[in-house]
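Heads up: the sequence shown begins at 3 in our numbering, then just goes up one per residue.
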Amino acid sequence: MTTLNEKEKRDFATQVAVITEQNAQQLIDAGFDPATRVGGLRSKITEADEAEGRQKDAQAAALDATKASNEALASMYADASAFVKLIEGLLGKDNSLVRKLKQLRS
Numbered sequence: 003m004t005t006l007n008e009k010e011k012r013d014f015a016t017q018v019a020v021i022t023e024q025n026a027q028q029l030i031d032a033g034f035d036p037a038t039r040v041g042g043l044r045s046k047i048t049e050a051d052e053a054e055g056r057q058k059d060a061q062a063a064a065l066d067a068t069k070a071s072n073e074a075l076a077s078m079y080a081d082a083s084a085f086v087k088l089i090e091g092l093l094g095k096d097n098s099l100v101r102k103l104k105q106l107r108s
């Protein structure tokens, strides 16, 4: 059996439910009423669809959080760099504190 991707698995389950419903009488005549089983499958299809929606929401939130984190990091680094430049302006570039602060980037 081939490996199916997510979309193919969803389509498979939906098609099984639809085709079984369309052919329910044939199964009933053979002694099996598929209604309960199809109902359970439909519940699982709904559950999987809702879980995928939550997953997509979480992915979007993660992208937003990453963007916010990167922006905060850039702002922090720019502020620290400006602070070092301020100290350099006050003490001069040959001052030992300035050299020590500039070495932190290495």
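Just so you know, even glycine gets a beta-carbon here, dropped at the ideal spot from N, CA and C.
Please read these numbers as outputs of a predicted model, since none were measured by experiment.
Continuous alpha helix (DSSP H) stretch holding Leu103: start and end = Ser98 to Gln105
Report the option in Gln57, Ala76, Ala26 and Val40 whose CA atom is closest to the CA atom of Thr16.
-> Val40
From Gln27 to Thr38, what does the alpha carbon distance come to, in whole angstroms?
-> 14 Å
Per DSSP, what kind of secondary structure is Gly55 in: helix, strand or coil?
-> helix
Per-residue burial, Ala60 [other beta carbons within 10 Å of its own, 16 or more giving buried] | exposed
Taking the Cβ atom as the reference point for each residue, do Leu93 and Val100 lie within a distance shorter than 7 Å?
-> yes
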